[in-house]
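Okay, so here's the structure we're looking at.
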Amino acid sequence: MQTQSRTEAESVGDIAVACWGMPPEQLILETHSTNYGENAAFTRNKLAELGMAPSNIVVVQDPLMQLRTVVTFQKAWCESKQPPRFYSWPTFVPALVERHGTITYAPTLPAGLWAPERLVSLLLGEMARLRDTEAGYGPRGKGFIPHVEIPPRIEVCYQSVLAQIGGLEGLRTRLL
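Counting with full-length UniProt numbering, you get residues 1 to 176 for the letters of the sequence shown.
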């Protein structure tokens, strides 16, 4: 599949057609955004230009960035008269396992995923962005997303991983 010099939307559109049998004429692709906020706003505008006011929207994204994408879309539509309901659809959920002393992906996952070290790096970076703190993307920080409640068990796991690798700075030096 050709991905060079193409937008992410075009590549995902090709996957939707080739792997899921979606008719290409039914796809509406937003191909101009450079970040989640733009993607949500441009998508809302594109649908409005087409005279469409969807009641349901399925958000497909890399599973690690799925939550941030959904809440970004919710924020972009929050002032609509009738905001759509957003459904989160990660096409798979990554799982790591230990095999012979090595951390690797569970055997049931698709090939071609990030290296496990990169997955951990992305996951910890997403956790930092989801926070509603000065450094996070929530209302008390950059304001890109609404407040996201992080479940206590997820916070415990996050802090445990940070402690094991020496914090976010340790992540940069040890995993990347």
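Virtual Cβ for every residue (Gly too), placed ideally from N, Cα, C.
Keep in mind the model is a prediction, meaning the values are calculated, not measured.
DSSP beta-bridge partners of residue i
i: Val-58; result: Tyr-87
i: Thr-31; result: Bridge partners of Thr-31: none, in fact.
Simplified DSSP assignment, three categories, for residue i
i: Val-97; result: strand
i: Tyr-36; result: helix
i: Thr-69; result: helix
i: Ile-15; result: helix
i: Pro-23; result: coil
i: Lys-81; result: coil
i: Leu-113; result: coil
Best match in the options for proximity to residue i [C-alpha to C-alpha]
i: Glu-38; options: Lys-75, Leu-124, Ile-150, Pro-151; result: Lys-75
i: Thr-91; options: Thr-43, Arg-99, Pro-110, Lys-142; result: Pro-110
i: Arg-131; options: Pro-146, Glu-117, Thr-34; result: Pro-146
i: Leu-27; options: Ser-33, Lys-46, Tyr-137, Ala-41; result: Lys-46
i: Pro-24; options: Pro-139, Gly-13, His-32, Gln-66; result: Gly-13
Boundaries (first-last residue) of the alpha helix (DSSP H) holding residue i
i: Ile-165; result: 152-165
i: Ala-128; result: 116-130
Rounded distance between the beta-carbons of residue j and residue i, thought under 8 Å
i: Val-161; j: Val-120; result: 7 Å
i: Ala-53; j: Glu-30; result: That belief does not hold up - the Cβ atoms of Ala-53 and Glu-30 are roughly 16 Å apart, past 8 Å.
Residue interval of the beta strand (DSSP E) (run including residue i)
i: Tyr-105; result: 102-105
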